[in-house]
Structures are given as structure tokens and as C-alpha cells.
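Q: Take this structure, written in C-alpha cells, and hold onto it; I'll ask about it next.
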Amino acid sequence: MGWREELQSIVKDSKLSVHRLKSLSTSLVDHCKQNEKVTYFIDYYIKSIESTIRYCQNEHILNALYAVDLFMKDLSHSKNGYVQYIYLSTLKVLSELILIFLLFGYSDTIDKFKDKVTEFLELHEKKIMTMIPEEQCPKFIKLLEIWSNKEYYDQTLIRQWLNRMKREMAMAMMDDDKQSTSSIITTTSTSSTSSNDKLLSKRKHDLLDDAMGILMDIDSDFVNNIGNGYTTTKRNSSSDEDDGMHIDKKKKMFSFNIAMLPKVSLLDLPNELLFNIISNLGIPDLIRTSYVSRFLNRFIVYCPFWKDMSFEFVNNFSEFQVGRILTSHGSQVTTLNFNFSWVVNRDVIRKLAAHCTTLTSLSLEKCSLEERDIKLALSAPSLKHLNIAQNNNLGPNLMVDILSRNLERVSVACSHQLIYGLLGLSIYKKIKPSLKHLNIDCYCKNIIHQENYQTAIQDLVETNCNTLEKLIVHQYLNNVQIPPNSILRVKALNLWTIVKTNDIVSLRDKLKSISLKSLNKRYLNGNTALFKASEDSKIYIVSLLLEAGANSEINNFYGLSPILASPNVQTAKIWIRHGIQPPSQYEKDFLLAVPILEKYFQFLRPSKDNLHPTIVQPAANEEFNTLLKVLAGIREGQSSEILQQIKILVSSFLKSPLFFKNFLQTHRNSRSIVACTIGDDDFFHSAIMPHLKVFQQKRVLLDILETL
Numbered sequence: 003m004g005w006r007e008e009l010q011s012i013v014k015d016s017k018l019s020v021h022r023l024k025s026l027s028t029s030l031v032d033h034c035k036q037n038e039k040v041t042y043f044i045d046y047y048i049k050s051i052e053s054t055i056r057y058c059q060n061e062h063i064l065n066a067l068y069a070v071d072l073f074m075k076d077l078s079h080s081k082n083g084y085v086q087y088i089y090l091s092t093l094k095v096l097s098e099l100i101l102i103f104l105l106f107g108y109s110d111t112i113d114k115f116k117d118k119v120t121e122f123l124e125l126h127e128k129k130i131m132t133m134i135p136e137e138q139c140p141k142f143i144k145l146l147e148i149w150s151n152k153e154y155y156d157q158t159l160i161r162q163w164l165n166r167m168k169r170e171m172a173m174a175m176m177d178d179d180k181q182s183t184s185s186i187i188t189t190t191s192t193s194s195t196s197s198n199d200k201l202l203s204k205r206k207h208d209l210l211d212d213a214m215g216i217l218m219d220i221d222s223d224f225v226n227n228i229g230n231g232y233t234t235t236k237r238n239s240s241s242d243e244d245d246g247m248h249i250d251k252k253k254k255m256f257s258f259n260i261a262m263l264p265k266v267s268l269l270d271l272p273n274e275l276l277f278n279i280i281s282n283l284g285i286p287d288l289i290r291t292s293y294v295s296r297f298l299n300r301f302i303v304y305c306p307f308w309k310d311m312s313f314e315f316v317n318n319f320s321e322f323q324v325g326r327i328l329t330s331h332g333s334q335v336t337t338l339n340f341n342f343s344w345v346v347n348r349d350v351i352r353k354l355a356a357h358c359t360t361l362t363s364l365s366l367e368k369c370s371l372e373e374r375d376i377k378l379a380l381s382a383p384s385l386k387h388l389n390i391a392q393n394n395n396l397g398p399n400l401m402v403d404i405l406s407r408n409l410e411r412v413s414v415a416c417s418h419q420l421i422y423g424l425l426g427l428s429i430y431k432k433i434k435p436s437l438k439h440l441n442i443d444c445y446c447k448n449i450i451h452q453e454n455y456q457t458a459i460q461d462l463v464e465t466n467c468n469t470l471e472k473l474i475v476h477q478y479l480n481n482v483q484i485p486p487n488s489i490l491r492v493k494a495l496n497l498w499t500i501v502k503t504n505d506i507v508s509l510r511d512k513l514k515s516i517s518l519k520s521l522n523k524r525y526l527n528g529n530t531a532l533f534k535a536s537e538d539s540k541i542y543i544v545s546l547l548l549e550a551g552a553n554s555e556i557n558n559f560y561g562l563s564p565i566l567a568s569p570n571v572q573t574a575k576i577w578i579r580h581g582i583q584p585p586s587q588y589e590k591d592f593l594l595a596v597p598i599l600e601k602y603f604q605f606l607r608p609s610k611d612n613l614h615p616t617i618v619q620p621a622a623n624e625e626f627n628t629l630l631k632v633l634a635g636i637r638e639g640q641s642s643e644i645l646q647q648i649k650i651l652v653s654s655f656l657k658s659p660l661f662f663k664n665f666l667q668t669h670r671n672s673r674s675i676v677a678c679t680i681g682d683d684d685f686f687h688s689a690i691m692p693h694l695k696v697f698q699q700k701r702v703l704l705d706i707l708e709t710l
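So the sequence shown is numbered by this note's numbering: it starts at 3 and just counts up by one.
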């Protein structure tokens, strides 16, 4: 009989044979002491122990863990015996002996064996923690307490198991105690039986106190009052005690007792709770968390966190990183969102088609892709939903390939060439019955000016009214006639069009039942409805959307936020009035510039001769620095009345020679002042300014100042 078969035979016995188990342990230690072929022996013994735990019955799991404990103990003891102390030298200065501890290769063997044991314990965690019989749980807890004091076990894993078992035992004892209490009330028993029940209940409460000790250290002088949320002490009651002082004492006692609570590690949480926490993380945070520890790495890699992946708001990833993620976790992905993303190219699509075999939903809105890239993405075998809206690089013939697939949802909104191709095909060819939802909306209104557009939409509806369930068209086509007894619903109104047309009544009705996902949906060029309202200076609509919970941190495709889209001071004041705290420093400076513009508003209005008055009172350094920061950090595509007013105000400040010279003496880099003073001289900025040093910039500024 081999070593594995002998171990399985010992574990299956109801009474564990220590003598037979000791002989197996001796054989294990002797083989591991050999320097040659040691890796082979470790793998053999680990696989033997793992297979024993995997295939043993539930009542034999604890015996297998006892065997693991004996093996690890003997290996550790034999390791200590292999330490040799060698006297090397005597230090004359310190007059101390230096001892160097030399461990043979056997020490590495122990570490390898320990790592392997930790791996298969984590692998079979579900069976060990859930399948051990209830009557064996106290023994299992005792074994875990012993392991928690041994350095050759992974203490993070052992503490997690121990705390979880104690919590479950505590809850089970509380349930048993309730049942025993109800039985005492409803049944009549002898005094001896009653005393035994009380004794049993007392023992349960003692065990319960020990189990709850992992959550709170309870002092004997404190009596916890969980229902009221505070703690009281044993004290002598006095009739003249002030109620206010009594409440203050309770608050102090409560804060003191909170400070006594032990710190709980995230790894001590049950796996179900840990899964719920990690599942709310985005892709970047998920990858960073996997680097924290080996346990979290395996927990994240093997759990279905990669089922829904979204790169819509991920800005710090490269195409190479996205390709690596799809290569590693593509087999788990079912939903993939690349809307308004810059990281999608042909290599990413190629990896998507090769590794995402279970992909059912793919969104590529506003992605710069060609026809062959979309055809490659269509080769995903399980694909059912496709979104390629706002892509005008695709020709109309691509619709033939799209409609040849058994897709259920297709969105080609604002993809004009694809819409032309679809409407041309629908007149002569019926769309496949599998297609249920179709979006051919147009946010930019370019397509509705084409001839026969509405006629083609009507033909599409009449041809496919019995198979198509939902059709989204432009708002001006809401008079499409639907045949009777049809399952088709035509939708021509969304939040974007409501805001664009300033329809307050429809907006109020829409906001009563709208979801956050629909409220923050991105439309033309990645603009949300809140962005559109801010851009058009519709102040009341901005307030309604913010009160409904609209997200002001969602940037458009070009990186502009709704705050930076504010065209004037009145719109920018809405964000301040609602207490919006922008995430970026530039947006904070942008809002800080608003009260400065209001303070110096009288100097922004030109006089009769079209000149702005000179500001006599010098500005504070903080105010002037804020204005310069806004001008120095102007984003691409950002243009508003606020920026023009800031330029005028800065130029007015610079007309004061005293202020100008004092500022130059304290300001390290005057390039931003040059930009504001020179104006829109593109040749100066591109050809001269990059080659000037700081002192040269100051000289140029002084020359300009003399001409003012």
C-alpha cells in the first residue's frame, strides 16, 4: 500500500490511529531531508493530502486536518534540529560574539511545503468551512486556535476561518438558547431538570461570550445596552444628579467603549461579504486590489468580477493593458462597454474576438473603428447586443453583415451611413425576427433633412411590426403610423431632446420615475443632459437635474465637464449654490473665479469710447493667481463668456505699473502674464515664447508695459 492509500485508510477510520499516522509523518520528513528530487517528493505528498481532503466524506474532514497538523509539526521540529551554530569571530570593539545561523536547503523545503499547504487549504475552503458536521465544530475551532499560534501556517487565512467559525457558533447557540427557553416556559419539568437546563444555558452563555469576544472586549464593569446605543456603568444612583451631566457621561463612556473595539481586518470578513464589497470596484481599482495580497489576488482572479467590464470612464489605461485584461479574463466576460473610449484599436478587437467566447453585449459608441474591425467583433459566437452609435467612419454596406447575425439589440444612433444602409435594406428585405430592439435616433438632426427619410421609417415599421418590439427614432418622427395588433412601440422622446427643446413639463414628468442610469446617459459627443442644459445656460433645468441626482462629474468625449461648459456667471453660480464640489483643482479655480468677476464687474463694462476702465485698487495676490490659473489651464474646446471676462480683468490689473512691477518681483514664471498681455498673437506663442527664459520674459513685459 502506497503513502497516499495509507493516509486515506487512516483518515476513514472513526478512531484516528496516531501510531500509523506517525509512521507516515516519519516517512515524509525523511524524504524531505534529501536534497535531490525534493521537489518531486513535495508535490507527491501535497497531492496525496489534497486528494484525501477532496474525496473524503464530511465526517472525515477533521481527521484529515489532524493529519496535516501532525505533518507540519514534525517538519517544523525537524527543521529546528537542523540549525547549526558556528562561531565566526570576536569583535574587539564591542566584545561580543557573533553567531550566524546556517540553515540547510531543508529550510526552503519547509517554506515550499507551507506554501503548498496554504494553497490547497484555500482551494478547499468551501468544503472545509461548510461541510464539517456541527458536532465537530468545537474541535475544529480548537484546532484553528492552535494553528493561530503556529508560524508555519498562513495567519491571515487561519484568523479568517477562526473568526467566521466563532460567529457561526455564536449564532447557533443563540438560536438553541431561544428554543430551550421557550421549551422551559411551555413545559413543566422537575426541579432537577430545570436546574440542569439552567446550567446548560449558563454554559452556552459562557461559550457565547467567548465567541463574541472577537467583536468586542467586554469589561466586567460595563453592561452593554445595544438597543439604546450606549453603555452604562454600575454606580450608586443619586436623586440630585443632573440629567445633562448624565448624558455627557454616557457619551464619554460610549466613545471610550468604541475605542476598546479591536481592529478587524478586511480579510476576516466572510467571503460573501467580501465579494459584495469588491464587486462594486471599477476595473482600475480591481487590478490594484489584486496586488495587495496573494489571497485577494486569487479571490479576484477566480471570482466572477470580470463578468461586466466597462472602460467608459477609464482614462489611465493603454491599449496594451486592455489587451492583457481581455487575454487573462476574456473567457469570463459577458458584457463589455467601450463607449467614448480612446483605448480601442484593432489589436483590442482582435483579442476580444479571440478570448471573449461568452460575450453577449458589446458597446462601441463613438469609437474610432473601421468596417473590418466591426466585422471582426461580430465574429464573437455569443454576441446578442451591439452598440455602434455615433460612428460615421462605417459605410452603409456594413448593415448587411450586422443584420446577418442573430442579434437581439442594435443601436446605430447618429451613425448616418449605417442608418441609410438599414433603411435601404428594410424596403426590400425583412429584418431577421431575432432583432427586437432597434435604435436609429439622430442627436444632431442631420439625417432628418434627407429626402424620403420619414417614408423609409414608415416602410420599416410596416414591414417588421410583428417581430420588432421597440424602435427609437428622432423626435420629429413621432407621428409614425403603427399597424393595429402590433407589438411594436416607437419611442421618439428622450431626456436629451427634452432638455434641448426646453420642455419643462415633460422634464418634470420624466424625472419622477427616471433611473440614475438614464439620468446620466451620455448622448451626442458624450454630453449628458446636464451638460447640455449647462451649455445652453438653462439655469432652471440645471437645478432640476441636480435635485434629481444628476452627476456633475461626467465629462464629455473631449474631457469637458458640465461645470466648465457654463457659458456665463449666472450659470456658474448654480453649481456654487447647490454646493457642488468638483474633483479637479482646475474646476475649483474656475468656480473661485466667479465671485472675483462679480466683485470687479463694474470694470468689465466698456465705456463710451469702447475702453475698459483701469482698476485703481490693486487686486489681492490670491485673486490674481486664481485668474491666472484659469487662463493657464484652458481646456481644448472650452470657450465661454467667463474666460473673456477673466482676460479683460487680468489686462485691467496689468495696466497698473505699480501692481505689475510688484507682481513680477514675486512671481517666478511670468509666461501666463505674457499670454494675457500679448493677446491672441499665435506667432509670438509658437515661435518666440518657448525660447525665452524668465528674465527675458520680464524684459519683454516691461517693454510692453511702456506701450500701454
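Virtual Cβ for every residue (Gly too), placed ideally from N, Cα, C.
Being a predicted model, the structure only gives us computed values, none of them experimental.
(1) Is the region 290 to 309 touching the region 545 to 561 in the sense that three or more CB pairs, one from each, lie closer than 8 Å?
(2) Output needed for residue 319: all residues of its chain with C-beta closer than 8 Å, excluding positions within five of it in sequence on either side, in chain order.
(3) Using CA coordinates, which residue listed in 152, 289, 337 and 341 is at the minimum distance from residue 326?
(4) According to DSSP, what are the bridge partners of residue 472?
(5) Nearest to residue 62 by CA position, among 49, 50 and 134, is which residue?
(6) Could you name the residues that DSSP lists as bridge partners for residue 381?
(7) Assign residue 530 to one of three DSSP states: helix, strand, or coil.
(8) Could you tell me if residue 537 is buried or exposed, where buried requires 16 or more neighbouring beta carbons within 10 angstroms of its beta carbon?
(9) What is the DSSP secondary structure of residue 71, counted as helix, strand or coil?
(10) In chain order, what residues of the same chain lie with their CB nearer than 7 Å to the CB of residue 156, ignoring the 5 residues before and after it?
(11) Pair every Cβ in the region 429 to 445 with every Cβ in the region 406 to 420, then say whether three or more of these pairs are closer than 8 Å.
(12) Report yes if the C-beta distance between residue 524 and residue 500 is below 9 Å; otherwise report no.
(13) What did DSSP end up calling residue 62 once you bin it into helix, strand or coil?
(14) I'd like to know whether the C-beta atoms of residue 478 and residue 392 end up nearer to each other than 9 Å.
(15) Can you tell me whether residue 202 is buried or exposed, with buried defined as 16 or more other CB within 10 angstroms of its CB?
(16) Counting only the same chain and skipping the five closest in sequence on each side, list residues whose C-beta sits under 7 Å from that of residue 67.
(17) Any idea if residue 503 is buried or exposed, counting beta-carbon neighbours within 10 angstroms, 16 or more meaning buried?
(18) Pick helix, strand or coil for residue 375, following the three-state DSSP scheme.
(19) Near residue 328, which residues of its chain fall below 8 Å by C-beta distance, leaving aside the five closest residues on each side in sequence?
(20) Helix or strand or just coil, what does DSSP make of residue 337?
(21) Less than 6 Å between C-beta atoms, sequence neighbours within five positions excluded: which residues of the same chain meet that for residue 488?
(22) Three-state secondary structure (DSSP) at residue 606?
(23) Taking just the CA atoms, how far does residue 645 sit from residue 404?
(24) In three-state terms, what does DSSP make of residue 364?
(25) I believe residue 365 touches residue 347 by the beta-carbon criterion, under 8 Å. Please report the beta-carbon distance rounded to the nearest angstrom.
(26) For chain C, check one thing: does any of its Cβ atoms lie closer than 9 Å to the Cβ of residue 277?
(27) Apart from the five residues just before and just after residue 29, which ones in its own chain have a Cβ nearer than 8 Å to its Cβ?
(28) Check residue 412 in the structure and name its three-state DSSP category.
(29) In or out: residue 483 buried (at least 16 other Cβ within 10 Å) or exposed?
(30) Out of 571, 167, 584 and 531, state which residue places its alpha-carbon closest to the alpha-carbon of residue 558.
(31) Return yes when the Cβ of residue 490 is within less than 9 Å of the Cβ of residue 471, no when it is not.
(32) Measure how close the beta-carbons of residue 370 and residue 399 come, nearest whole angstrom, since I'm counting them as under 8 Å.
(33) According to DSSP, which residues form a beta bridge with residue 388?
(34) Is residue 156 helix, strand or coil by DSSP?
(35) What does DSSP give as the partner residue(s) for residue 579 in the beta ladder?
(36) Keeping to the same chain, check which residues put their C-beta closer than 7 Å to that of residue 377; ignore five residues upstream and five downstream.
A: Quick look at the numbers:
(1) no
(2) If you number the sequence shown from 1, residue 319 lands on position 317. 285, 286, 313 and 345.
(3) To locate residue 326, count along the sequence shown from 1; it is residue 324. Ranking 152, 289, 337 and 341 by Cα distance to residue 326 puts 289 first.
(4) The count along the sequence shown starts at 1 and reaches residue 472 at position 470. In DSSP, residue 472 forms a bridge with 439 and 491.
(5) Sequence index remark: in the sequence shown, residue 62 carries index 60 (1-based). Nearest C-alpha to residue 62: 134.
(6) For the purposes of this step, residue 381 is identified with residue 379 of the sequence shown, where counting begins at 1. According to DSSP, which records beta bridges pairwise, residue 381 is partnered with nothing at all.
(7) Taking the first residue of the sequence shown as 1, we reach residue 530 at position 528. In the structure shown, residue 530 sits in a strand (DSSP, three-state: E or B).
(8) Counted from its first residue, the sequence shown places residue 537 at position 535. Under this definition residue 537 is a buried residue.
(9) Mapped onto the sequence shown, residue 71 falls at position 69. Helix, per DSSP.
(10) Against the sequence shown, residue 156 aligns to sequence position 154. The residues are 120.
(11) With the cut-off at 8 Å, the region 429 to 445 and the region 406 to 420 touch.
(12) Counting from one through the sequence shown, the residue named residue 524 turns up at place 522. Counting from one through the sequence shown, the residue named residue 500 turns up at place 498. Cβ atoms of residue 524 and residue 500: not closer than 9 Å.
(13) For this step, residue 62 is matched to residue 60 along the sequence shown. Helix.
(14) Here residue 478 is taken as the residue at index 476 of the sequence shown, counted from 1. Here residue 392 is taken as the residue at index 390 of the sequence shown, counted from 1. Result no, Cβ atoms of residue 478 and residue 392 do not sit closer than 9 Å.
(15) One-based indexing of the sequence shown puts residue 202 at position 200. Below a pLDDT of 50, predicted positions are generally treated as unreliable, and residue 202, at 44, falls in that range; the measurement from the model is reported next regardless. Flag for residue 202 reads exposed.
(16) The count along the sequence shown starts at 1 and reaches residue 67 at position 65. Result list for residue 67: 145, in chain order.
(17) Here residue 503 refers to the residue found at position 501 when the sequence shown is read from its first residue. Residue 503 comes out exposed.
(18) Position 373 of the sequence shown, counted from the first residue, corresponds to residue 375. Residue 375 falls in the helix class under three-state DSSP.
(19) Here residue 328 refers to the residue found at position 326 of the sequence shown. Hits under 8 Å: 335, 350, 353, 354, 357 and 358.
(20) Numbered from its first residue, the sequence shown carries residue 337 at position 335. Looking at residue 337 - three-state DSSP - the assignment turns out to be strand.
(21) In the sequence shown, the residue the question calls residue 488 occupies position 486. So the list reads 467, once near-sequence residues are dropped.
(22) Residue 606 sits at position 604 when you count from the first residue of the sequence shown. If DSSP states are grouped into helix, strand and coil, residue 606 belongs with coil.
(23) By one-based count along the sequence shown, residue 404 stands at place 402. By one-based count along the sequence shown, residue 645 stands at place 643. Looking at the two C-alpha atoms, the distance is approximately 46 Å.
(24) Translated into the one-based positions of the sequence shown, residue 364 becomes position 362. The answer is strand: DSSP assigns residue 364 an E or B state.
(25) Your numbering for residue 365 matches position 363 in the sequence shown. Your numbering for residue 347 matches position 345 in the sequence shown. Incorrect: roughly 16 Å between the Cβ atoms, too far for contact.
(26) Going by chain labels, chain C is absent from the structure shown, which holds only one protein chain.
(27) As a working note, residue 29 is residue 27 in the sequence shown. For residue 29, same chain residues with a beta-carbon under 8 Å away, outside a window of 5 residues either side, are 5 in chain order.
(28) Here residue 412 refers to the residue found at position 410 of the sequence shown. Correct three-state label for residue 412: strand.
(29) On the sequence shown, position 481 is the one that residue 483 refers to. Exposed, because fewer than 16 other Cβ atoms sit within 10 Å of the Cβ of residue 483.
(30) Within the sequence shown, residue 558 is the residue found at index 556, counting from 1. Comparing Cα positions, the closest option is 531.
(31) Within the sequence shown, numbered from 1, the residue matching residue 471 stands at position 469. Within the sequence shown, numbered from 1, the residue matching residue 490 stands at position 488. In contact: residue 471 and residue 490 (Cβ atoms closer than 9 Å).
(32) Residue numbering aside, residue 370 sits at position 368 when the sequence shown is read from its first letter. Residue numbering aside, residue 399 sits at position 397 when the sequence shown is read from its first letter. Not confirmed; about 19 Å, so no contact.
(33) Indexing the sequence shown from 1 puts residue 388 at position 386. The partner list for residue 388 (beta bridge, DSSP) reads 364 and 412.
(34) Translated into positions along the sequence shown, residue 156 becomes position 154. Coil at residue 156, not helix or strand.
(35) In the sequence shown, the residue the question calls residue 579 occupies position 577. Among the bridge pairs identified by DSSP, residue 579 is matched with none.
(36) Against the sequence shown, residue 377 aligns to sequence position 375. Cβ within range, chain order: 403.
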